[in-house]
Every structure is written in C-alpha cells, then in structure tokens.
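Visitor: Have a look at this one before I ask anything.
In the UniProt record's numbering, the protein residues as written are 1 to 262.
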C-alpha cells in the first residue's frame, strides 16, 4: 500500500488524494461519508478532495442523496495521466527558456552508487563507441553495461590492468605510487569519466565533456595499443634496448620516476 501511495504522489497527487483514490479503487462506488470513515479523515477534507479529483476527471460523481463517487477504471486512469504528462513535457520542451551553453565543466563525483548511476545512464546513451580502461577487480562493475552496449552495435574497446600476468612493461610506471585502482571511460569520443577505487577509501571520479580530456585519454589509449602491438612483435628486444618499463628512456627525460633496475 505504501508503495502505491508513493507512486501516486510521484504523479502529482497529494497524500489525501492518493488515499481517496485507493479507497475508491478498493471498495468501488462510495459516498463521501463512507470514504472519510474508511481512511480516517474528516468529512470536510474528504469532500473537498473529492471535488478536486472530480474536477480533474479522476473521480466520477453520481448525483443523489447522498452523492456517490467512483474512480476511473485503472487503464483509463493511467491513459489519462500519461496523456497529461506527455502534453506537459512537450510544452516544457518548447516553452522553457534557454540560455547560451556554458563551456564544458569538470564535475567531481563520490561514492560507488552515484558513480554507477551516472555511468549506467551514459552507457545506455552510447551510440558509436566506448573505450574503457579498468582493473580486473573492477570488471564486475562495468561488464554488464558494456556487454549490453556491444549487443546494441556499439563498438567497445577494453583495456584491463592488474591481472595475474604483468602485461606489457610500459604500464608499470602507471602503477607506481598510486594508492588505488584507476578506471576511465570515453563514450562517443565526447563524454569522459576518470576515477579511482580502493578498499580503504570511497570511490571518486571526475566527469567532463571537455574535448581536451577526451583527446588526452584517447592519446593515452592509442599509445597503450601501440606499445602492446610492438611488445607482442619485438618482445625481449625492447627490454634489452630500453630497460624494463622503458626505464632507460624515462630516466633520461623524467629521472626518478621509476625505481632503478637492480
């Protein structure tokens, strides 16, 4: 019963209006006195509520002594409400004032539930492409939504880290000094989320549609793909020439970023 009341309130009915509608639906045609007695509310309030519902077309009035009231059949009621909501939404789209679009902003989001709500919404909107980089511990977070997108024909590219295998040495530098497991996604080369999750802190993420962030993430992914293909082809030769994790190159340009090889 409480759930039904909540949904009626969500549709714009007051608490008392919702109770009157349910009482009429349960018992059929009744007088105002009978409704008031059933729901435990004063007759004056119930009669005023019945008058409002009758004016809105939700309740039908049968004149007499006493007057009797009945609620519309449920299918007719829902059809009427859906039509009214549809008309209001259409008018809202046409008449709502609009202003010049602000530049893309960066938003901070905290908590697994909130992050997943935002992600689920955007993944459902994906039309062409999703690029996702996640740790294997977080795969269960994203897998269902990404698989659904693939089934819709969206091109999905995955990048996993943190598995049992070391993977290509070029990504080891990304793990050094980070206290959590990072994840990021780019949807349709426009919408981006970058975040971190760990067992000791709340999940945190940054969301943006700024083209610079999309460009940086796509460049990073491109470099990872290139390294992956090169290391599959050249293997130990790269480590011999450039060191584990390309340490000799990085030490030349960013000294101290990686621990020295033993």
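Glycine included, every Cβ here is placed at the ideal spot set by N, Cα and C.
Considering only C-alpha positions, which residue in the set 138, 187, 113, 182 is nearest to residue 149?
Guide: 187
Visitor: What's the gap between the Cα of residue 168 and the Cα of residue 84?
Guide: Bear in mind that the predicted position of residue 168 carries a pLDDT of just 42, short of 50, making it unreliable; the figure below should be weighed with that in mind. In a straight line, the C-alpha of residue 168 is about 58 Å away from that of residue 84.
Visitor: Is the segment 109-119 touching the segment 75-95 in the sense that three or more CB pairs, one from each, lie closer than 8 Å?
Guide: The segment 75-95 vs the segment 109-119: no contact.
Visitor: When the distance is taken between beta carbons, is residue 72 closer than 8 Å to residue 80?
Guide: yes
Visitor: If we ignore side chains and look at the alpha-carbon of each, how far apart do residue 16 and residue 64 end up?
Guide: Taking the Cα positions, residue 16 is about 24 Å away from residue 64.
Visitor: Helix, strand or coil for residue 201 per DSSP?
Guide: coil
Visitor: Assign residue 92 to one of three DSSP states: helix, strand, or coil.
Guide: In the structure shown, the three-state DSSP call for residue 92 is helix.
Visitor: Please go through the same chain and pick out, in chain order, the residues whose beta-carbon is closer than 6 Å to the beta-carbon of residue 185, but skip the five residues on each side of it.
Guide: 132, 193
Visitor: Report the CB separation of residue 129 from residue 189 in whole angstroms; it is logged as a contact under 8 Å.
Guide: 6 Å
Visitor: What residue does the beta strand (DSSP E) around residue 60 start on, and which one ends it?
Guide: Counting along the chain, residue 60 sits inside the beta strand (DSSP E) bounded by residues 59-62.
Visitor: Which of the three DSSP states is assigned to residue 29 in this structure?
Guide: coil
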